[in-house]
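Trainee: In the working numbering, the protein residues as written are 34 to 248.
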Amino acid sequence: MVNHRSLVLLVSVALSLLPSLAAAQESSESIAARQAMQDAMRTMHARIEDLEASNHSLRAKVEDMRREIQQLREETRKLGDQSSLQDQMRKLGESVREVDNKRRADNEKVVAEFARLAKLIAETPVPSPAPVVKSSPPPTAPSSDPEPKVSSRPPVPEKGIEYVVKSGDTLSGIVAAARSKELKITMKQLRDANPDINWDRLRVGQKVFIPLPNQ
């Protein structure tokens with residue numbers, strides 16, 4: 034007996050894999066063949082589902098007929114050899130064979146259609162991806178006169194004093210304290226002289242270099 038659920042599953046898997054053929058560059062013939070194959074597989078999927086439903090109905094009908102035959106046999110044994118009951122049993126047996134033959138024929142149609150579809154998939158050429166041409170940029174001639182690096186930071190005076198941060202100190206507070214001692218310095222100069230200091234998070238005991246402007 035053909036397992037229709039397995040066929041439906043196989044067709045569904047094949048339908049899910051077909052779009053991967055379009056990942057590569059395809060010719061118009063390949064596109065048309067792939068689309069025709071997709072349509073055929075969708076039709077096949079629908080036919081298999083219809084045949085599965087029909088097959089289920091036929092199996093149920095066969096079982097009902099078999100039960101009727103069994104009942105007739107029991108009645109025949111009870112009533113003796115009666116030609117009418119024998120005729121009913123014969124006709125019912127023929128009906129059972131007819132229904133069962135139709136079910137088998139449907140199974141064979143499904144197998145044949147699926148084999149044809151599998152052959153179509155196997156014979157469809159898979160387009161090869163177009164070669165990717167990589168272009169290299171032209172080499173850049175080295176400059177004979179390299180440009181000197183210009184620092185955007187003004188030079189820090191070599192002379193200065195070291196200040197140890199106390200609790201509550203801030204950038205503006207340190208500048209104000211320096212000015213109170215006749216040291217002409219701005220907050221920008223103090224920042225430039227201490228580029229590694231995070232002025233928003235001064236730590237107690239941290240050392241700050243206070244530059245002395247050249248006189």
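Each residue gets a CB set at the ideal place from its N, CA and C atoms; glycine is no exception.
Can you give the Cα-Cα distance for Ser185 and Ser60, rounded to whole angstroms?
Mentor: Numbered from its first residue, the sequence shown carries residue 185 at position 152. Numbered from its first residue, the sequence shown carries residue 60 at position 27. In this prediction, Ser185 scores a pLDDT of 48, lower than 50, which makes its location untrustworthy; no coordinate-derived value is stated.
Trainee: Using the Cα positions of Leu235 and Glu195, report the straight-line distance between them to the nearest angstrom.
Mentor: Locating residue 235 in the sequence shown gives position 202, where the first residue counts as 1. Locating residue 195 in the sequence shown gives position 162, where the first residue counts as 1. If I take the Cα positions, the gap works out to 15 Å.
Trainee: Only counting the same chain, and skipping five residues up and downstream in sequence, which positions put a Cβ closer than 8 Å to that of Val132?
Mentor: Translated into the one-based positions of the sequence shown, residue 132 becomes position 99. Taken in chain order, the residues that qualify are Leu91, Lys94, Val95 and Met98.
Trainee: Which two residues bound the contiguous alpha helix (DSSP H) that contains Glu195?
Mentor: Here residue 195 refers to the residue found at position 162 of the sequence shown. Glu195 -> not in any alpha helix (DSSP H); beta strand (DSSP E) instead, spanning Gly193 to Val197.
Trainee: Rounded to the nearest angstrom, what separates Asn88 and Arg75 at their Cα positions?
Mentor: Translated into the one-based positions of the sequence shown, residue 88 becomes position 55. Translated into the one-based positions of the sequence shown, residue 75 becomes position 42. Each residue's alpha carbon lies about 20 Å from the other.
Trainee: Could you check how far apart the C-beta atoms of Leu153 and Met70 are, in whole angstroms? I think they sit under 8 Å.
Mentor: By 1-based counting over the sequence shown, the position of residue 153 is 120. By 1-based counting over the sequence shown, the position of residue 70 is 37. 6 Å between Cβ atoms; contact.
Trainee: Please report the residue range of the beta strand (DSSP E) in which Ile243 lies.
Mentor: For this step, residue 243 is matched to residue 210 along the sequence shown. Segment Lys240 to Pro244, the beta strand (DSSP E) holding Ile243.
Trainee: Between which two residues does the alpha helix (DSSP H) holding Thr109 run?
Mentor: Numbered from its first residue, the sequence shown carries residue 109 at position 76. Unbroken alpha helix (DSSP H) run through Thr109: Ser61 to Leu112.
Trainee: Determine the extent of the alpha helix (DSSP H) in which Lys221 is found, giving its start and end residues.
Mentor: Along the sequence shown, read from residue 1 onward, the residue named residue 221 stands at position 188. Lys221 -> alpha helix (DSSP H) spans Met220 to Ala226.
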